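Residue numbers (UniProt numbering), protein chains in the order written: chain A, 1 to 1036; chain B, 1 to 232; chain C, 1 to 479. Worksheet: the structure to be examined is printed underneath.
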Amino acid sequence: MQYAELHCISNFSFLRGASHPDELVKRAHELGYQALAITDECSVAGVVRAWEARRDLPLKLIVGAEFYLDDHCLVLLAPDRQAYAALCALISTCRRRCEKGQYELRWDDLAEGVGGCLLLFRPANSPASDTENALACGKRLKAWFPQRCWWLLERLLENGDDGRFQQQIRQSRMLGIPPVCGNDVHMHHPDRQRLQDVLTAIRLRTSVQRAGFALAANAERHLRSFRKLQHLYPDELLQETAAIAERCHFDLSELRYEYPAELVPEGSSAKQHLLGLVMAGQKVRYPDGTPEQVQRQIDYELKVIGEMQYEHYFLTIHDIVRFARAQQILCQGRGSAANSVVCYCLHITEVDPLKVNLLFERFISKERNEPPDIDVDFEHERREEVIQYIYRQYGRERAGLAATVISYRAKSAVRDVGKALGMDESYLTWLLSRLDRRDHENPWLAQLATMGGDEPAPIYQQFVALVAEILDFPRHLSQHVGGFVISAGPLSELVPVENAAMKDRTVIQWNKDDLEALGLLKVDVLSLGMLTAIRKTLDLLSEQTGKPVRLQDIPREDPAVYAMLSQADSIGVFQVESRAQMSMLPRLKPQRYYDLVIEVAIVRPGPIQGDMVHPYLRRRDGIEAVDYPSEAVKEVLERTLGVPIFQEQVIKLAMVAAGFTGGEADQLRRAMAAWRRTGYIRQYQQKLVDGMLERGYELDFAQRICRQIEGFGEYGFPESHAASFALLVYISAWLKCHHPAAFCCSLLNSQPMGFYTPAQLIQDAQRHGVTVLPVDLNASGWDHSLEPRSPVDTLPEDQYRSLRLGLRLIKGLSKRGAEALIEARPATGYQSVSQARQRCRLSRSDWDALAAAGAMNSISEHRYQARWELLADTPWLELDSDPVAAIHDDPIRLAAPDEQSDLEEDFRNTGVSLGRHPLALMREQGVLPRCLKAEQLTECRHGQLVHVAGLVTNRQRPGTASGVTFVTLEDESGQINLVVWQATAKAQRRALLAANILQVSGVLEREGEVIHVVAGRLQDISFQWDALKVKSRDFR
Amino acid sequence: MATETGSLHKLLHKGEVWRGRQAAEQLRHRCLSSGFPQLDALLPGQGWQASQLVELLYSDEGSGELGVLLPLLAELSQQERWVLWVDPPHIPYAPALLGAGVNLDRVQVVRSNSRRDRLWCLEQSLKSGCCSAVLGWLPAGQEKAIRRLQVAAVEGDCRGFLFRHSRCQSQHSAAPCRLLLEPHPEGVTVSALKRRGGWPLPPRLIPVSPVVSQTAEPDAGPARLTLVGTST
Amino acid sequence: MNRLATERESLWLYLHFSQLALEAQQLEAGIAGLLDTRGQKLELCSYDAVQAGLEPGMAIATAFSICPEVELFHPNPERVQQQLEALALWAGSFSAQVVLYPPEGLLLEVASMLDYFGGLNNLWQQMEQRLKRLGFQVRYATGHTPLAARLLARAGRSLVIEGRASHRQVLQMLPLSQLELPAKQQDQLRGMGLLRLEQLHALPRDAISSRFGVKLLDYLDRLEGRRPDPQVLFEPPPIFQQFHEFSREIEHSLALLFPLRRILEALAGYLQRRELLAQQLILTLVERDGGHQQHDIGHASGSADDETWLELCKLRLEQVKLQQPILALQVEVERFKTSQQQSYDLFDSQRHAEDPMDLLSRLQVRLGEAAVQPVTLCADHRPEQSWQLKQHPQKAVDNATMPLPKGRPGWLLKSPQRISQHQLPPHIELKTGPERISSGWWDAQQVRRDYYIARWADGRHGWLFRDAQGGWYLHGWFG
């Protein structure tokens, strides 16, 4: 028997379909179907996955989509490329009409016949009075789809099903539209009925108990066996499905995608043009002439690019980067593109590939036949300019962002499934609060199962099973952060385009994996805050020195920079400012650029979990001998002292030590990226171990490599990526080292970004000798700025400026208001509140914000007085009257705020205080007996019992050290790093979780330069601060 | 329904309908069409009379005893008053009632504890004036009670329907209207054993079969009825 | 509005039940918290909860991780209002002029009661004793104006004094944050370092009104008695009826005494205020399945004393063995006696014969509550679940918009009837079907059946199904 299921939705019809596309494909194959159409509702988002699953199966995959129009169901199938293009265009049209997630089909859309698509028509299941309507529609569709229209009959054994079946056959005969059968498939197997019901309940925001007739009456919307099909449908109907499938030839592999051609000048070929650009770039990159080795590499790369016909791709990216550079927008390629000299010469990347041990094959390889992946970072505040350039240059029709499929994860699954089963929301919150998703020993699903008690209620068991089942189910499409697809023709003929939640953005229906699977090229336009900060620092320096300071003017390999980093003095520096990185810096003691590459890559969950850090450090310090099991392995691992740290090394190892082919190694790489989700990696691990044993490696070595691979699953870092980042680490460190004021100023002007709050950045700058001046309506600009220092200061010449906080720091002050204030500012500054109010008409909230921030203190003594004067009902004077005459002295003088109130208001209204640290105040009041300051800890010995106190600035539980909470305290002299073991945390949960100010008794531990306090007793002393306040107010 | 009564008035106006001795009395009561012309023809006044007790006799449930009443109940349940079911033998099934247009907000089901309670309940409801229809199921041998119930129905301006076994047909009854129901492949046949204002009439076929709509379709061929395995 | 005696220096007492929103729902003391309206954070914490380390503002997850056994309640403003009104009734024992300040305050005029109680201290002593028995947390203060009493009480001053001058003196130190001013104005005052009332007093009135508006001055004048501040008095209802729904099920009858005590205290206040005695009290317990237990408790000569009534109730409840957990209780008094010994019954009159609901109640009185019920439709594919006798708010559906299954029989059998093999075809002719119904996996009544309409040899039509095991059952008749 021949059968093709022509009406089947997957879970990419969000919250409707109850099976993954690959499950449907596999099941259809098992049942012996000839073909399967994936017809998601106004979408082709799931077809690539189905297509991949089908790759090795003798099952034909038909691409289609279903639509609902006036309750009629219309299924369109694409028989060929042209029809497919029309289908995509139709979906785009329907989607673009509506907000994100919705669509609207109109009858007119079908009048042209949708480019040869086949149409299956299933009229609305409504009372007999609508028969005429069904007939009218059928007639119309038959005319629009001549010889391509079928009457779709579906027997789902529902109420009134058999009567309707007869009626439909009669109607189709009346119109002469051939009937065909289908099964409105929602799931690959009837066992999914439970999940299907749950999805329905979620979609309707109700519970299965209350969903009633919105649920399907039975589980018949599945892929049915031949036996059942034959029971239900006459042979002719079944044969017709096969006949229709026979007419469909389109395969997704036909999609060839052409890059825009307009970048090539008339009369030149893409190849010639690219060669010309590379040669021009060489002259800049290698002003003294290209070394022969480099020239050979360039020739080789160009040859491969030519063979793969990727010229247009490189030209496109070059064009984007060229635009950015012309606009003075800093950008840098990251990812595997850094392996390419061509990219270096085109200024797509900044790392000279020859300085690092990089592999061009990692970037493009003929064997892999996979598109290169170029990610370019732009300044985060100006990326939008680049995106809008792309839309402008190529048009909305030809440029779109890749989608990101948002899928069910632990939290959303527990919440949605629980609600769908009628569970109380606060109960679900409670369950979630008790799940430890970082516990690798006991996965959270297992934990969830045990929370139902020893004899869980049946509904609880179903809950756990359904949570497991719904994981990874897509919920909706979102936009990828910056993955652009740009095409030569209308994009909507390649893949449907829909509206994103963000205005003025369009996304395509495929995500980055789908694009990769189809071999389509995309360019990632990403944003990086540090680039913004660097560019702003360079601008400040240029302004200061009077001549342009460029990136390339920064001297390389400056020992002062490495000395600073080795001290873990890295607040504000790119990538290495986190607590984990900070504790690694003094151990690694980077001396050169490549050390930074390793530093960036090594402090990652991957290497830490794979136990690579300690061996590397031991070997580096000469404590442990460096040996290699074989010469081949040595070649791969030598640059990292025999410890695999980069993703590339693992892949290479699989090839040289376990005999993986290039293709297999590449599959391993993909499996590594997704192992936690799919678990596929296990099969590769076995193969890896077997392969290594076969080649005479020891089991121990093989297993270690396996563990490391598993670790890489969680954000393993490719070397090329680390190399790009390391460059930014060096540059930002250099700026911090030599121009702390300018660097801090730029970081502040680039917020939000980085790891630290403005207050922490400012404190750090102050510790480095920078004078920071308060925000002041007479001195501040919108941005933070540098001011010449007073002559009495005797700091080095290049640090001769102090940092003036800008008006942007003031919470609640509008930018427009600030600009108006600056605009109207007299050369001598505002003299009084009433004068300021006469010259400049700001909104009440802007004035309030200025007063609250203390920005008016220079004209009004203090905040209280400023507010009092602002509220005075001063009549507006005509502009030409004499302002001085209008200034009358307000006789009332309010008392000034005390230091503590000032401090609180500073924090509340600007997030930053230049006054004394709260802990200094508390210490002075004597409420912190015996507590040491952060700076005093360096004088303590290992194992000493210490008492400390500080503001809690950070609490984190890194995934690598399960059970340990890292807390950062801050006092007037610096940071104190706390380590809280699980047992301690459990016993003193409240203090740990709720305290703003924490007093801790614990044991000091030191490892080299790294000092932390292992917490013993935790005490929430936040109340002391309030007590201080009451005290100071009531006893004056 | 409205057109049915409208046409009834027309007929009466033309004088084409036989009017008996009590025609004047009948006209005082409104009649409501049963929804079946065949049945209306059997009923004096061309429909169900107000303030009247009707006995429906049949041997087993499934003999069209609900089918003939549902259109009336649908109509009555639009009024403010109750439609009361006293001790029905099975569950009056809400989807079917609703499907027939009955407004469930007016329907109440009463379960009595004993025969005495049941009669008390029927009488109270019939005469309360709060019910548009009272449906009751009575065993054999309640002749005296039936008389009281008829009086109550008049007092409360209520339509009463007593469902009884067909073997009670030989017993005397005070109900002014007695109908015998018998199943038939196409529906149910109704014979009027007794009717006020008319002679007994021969049985009539009332099409109340649940599968009528199916068989009436021409050109469909024999219905394909197969047992479908419960597996996949 | 009510005019108040002006000769005597006025004196008010304000009671602020700070935890009422929680206590109104809590059955007995314990670790409990009230959630905010979004159900995400704690709004209030019971005393025990604070001891256990919880505090208002905490997120649910944090609260649970600190104290997993905490009992959480969603806000129930209706319940709180009921409780406040009950307290107003209770307060009738102490003052004839009670003002409701929802959601949690009561204002009592006490100046006119001082003679009756023999001075403020006596009055307060008695009241404090009674308050303790009620078990509500309360803040209180007197004031020479309503506003003064209210603000001082809310500020937690626990003040019982007389005299305008002494009150004014206390007010000087009142934090301005206690004034019920718009949030914006509060911010402004705080933002100028103006924290206490005395600081405002130190400023010229015109400087204040030009900055903060005349309203603030008006407010201050009402607070200090420079302007009249008329109050709307609480008027007790003509009958006494208190309904108390429990937040969890009660399994032992004596556990009802705690909530009952509060109600009876209210009753005492009610009776005292209206100068009545209660002769019969109707205690209704609502059971889990919706049934009711009613206990009529009489007192031949009538009593206004809560202790007496509590004792009577206790005696009765000791005899009650609960078959089912209790969800709610109601106390109702319809028969009163005035102090002049005149018996009367509020509902002694003839019933209105034509009210349809009366018929149903009459039937229910004779046959039992459950004997008369409406038929409702439920949205559920399972035939036995798609109807219901009782109105069930959760599953009630809008009949107008719901798609109705077609071809359903008028009669549904109470339970499906097995059909033996020899009755099956050809004796029974299947006419339509199968209609497959497979649903209800989420509760214990999952159904997997194929339904058919079939004709019996005698011409009747039945509704039957075959289950997953292949057995045949009759489920209904097309009557």
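The C-beta atom is built at its ideal place from N, Cα and C for all residues, glycine as well. Just so it is clear, the structure is predicted and the values come from calculations on it, not from any experiment.
- Glu80, Arg81 and Trp82: these are the residues of the stretch 71 to 83 of chain B whose beta carbon lies less than 9 Å from some beta carbon of chain C, given in chain order.
- With contacts defined as CB atoms closer than 8 Å, A:Leu585 and A:Ser566 qualify as a contacting pair.
- Taking 8 Å as the CB threshold, C:Trp472 stays off the interface with chain A.
- Collapsing the DSSP output to three states places C:Trp442 in coil.
- With a threshold of 8 Å between beta carbons, C:Pro383 makes no contact with chain A.
- Per DSSP, the continuous alpha helix (DSSP H) segment holding A:Lys142 begins and ends at Thr131 to Trp144.
- Two segments are said to touch when three or more pairs of C-beta atoms, one from each, lie closer than 8 Å; by this definition the stretch 894 to 906 of chain A does not touch the stretch 743 to 758 of chain A.
- With 16 or more other CB atoms across the displayed protein chains lying within 10 angstroms of its CB, A:Ser13 is buried.
- Proximity to C:Pro416 across C:Leu430, C:Gly440 and C:Val447 peaks at C:Val447, based on C-alpha coordinates.
- For A:Cys149, DSSP records a beta bridge to A:Leu119.
- It is roughly 19 Å from the alpha-carbon of C:Val214 to the alpha-carbon of C:Ala148.
- Here A:Tyr616 is buried, its C-beta having at least 16 other C-beta atoms within 10 Å.
- Within chain A, the residues whose beta carbon sits less than 8 Å from that of C:Gln188 are Arg867 and Leu871, listed in sequence order.
- Of the residues C:Glu224, C:Gln83 and C:Leu44, the one whose Cα lies closest to the Cα of C:Ser166 is C:Glu224.
- Residues of the stretch 45 to 74 of chain C with a Cβ closer than 7 Å to any Cβ of chain A, in chain order: Gly53, Ile60, Ala61, Thr62, Phe64, Ser65, Ile66 and Leu72.
- Judged by their CB atoms, A:Ser720 and A:Ala338 are nearer to each other than the 8 Å cut-off.
- Among the residues facing chain C, A:Ile406 is not included, as its CB has no counterpart in that chain under 8 Å away.
- Between the stretch 503 to 519 of chain A and the stretch 474 to 493 of chain A there are three or more inter-stretch CB-CB distances shorter than 8 Å, so the stretches are counted as touching.
- Per DSSP, the beta bridge partners of C:His244 are C:Leu329.
- Its chain contains Arg839 and Cys840 as the residues whose beta carbon lies nearer than 8 Å to that of A:Ala824, once the 5 sequence neighbours on both sides are disregarded; these appear in chain order.
- The Cβ atoms of A:Cys88 and A:Glu493 lie closer than 8 Å to each other.
- When C-alpha distances from A:Glu220 are compared across A:Arg194, A:Ala601 and A:Phe314, the shortest belongs to A:Arg194.
- A direct Cα-to-Cα measurement between B:Leu201 and C:Gln421 gives close to 41 Å.
- Below the 7 Å Cβ cutoff, chain C contributes Gly193 as neighbours of A:Pro897, in chain order.
- About 7 Å separates the Cβ atoms of A:Ala1015 and A:Val979, confirming a contact at the 8 Å cut-off.
- Check the Cα spacing between A:Leu747 and each of A:Ala658, A:Val967, A:Glu381 and A:Ala820: the tightest is with A:Glu381.
- Using a C-beta cut-off of 8 Å, the stretch 299 to 317 of chain C makes no contact with the stretch 218 to 233 of chain C, since fewer than three inter-stretch Cβ pairs fall below that distance.
- Between C:Leu277 and C:Lys314, the C-beta gap is not smaller than 8 Å, which leaves the two residues out of contact.
- Boundaries of the alpha helix (DSSP H) around C:Trp124: Leu120 to Leu134.
- Taking a cut-off of 8 Å for Cβ pairs, the stretch 167 to 178 of chain B and the stretch 44 to 57 of chain B touch, as three or more such pairs fall below it.
- The DSSP-derived three-state label of A:His189 is coil.
- Rounded to the nearest whole angstrom, the CA to CA distance from B:Ser125 to B:Thr189 is 30 Å.
- The beta-carbon of A:Arg767 is placed no less than 8 Å from the nearest beta-carbon of chain C.
- Within chain A, no residue has its beta carbon less than 9 Å from that of C:Arg362; the closest one is some 35 Å off.
- Within chain C, the C-beta atoms nearer than 8 Å to that of B:Asp117 come from Arg366 and Leu367, in chain order.
- Residues of the stretch 211 to 227 of chain C that bring their beta carbon within less than 8 Å of a beta carbon in chain A comprise Arg211 and Phe212, in sequence order.
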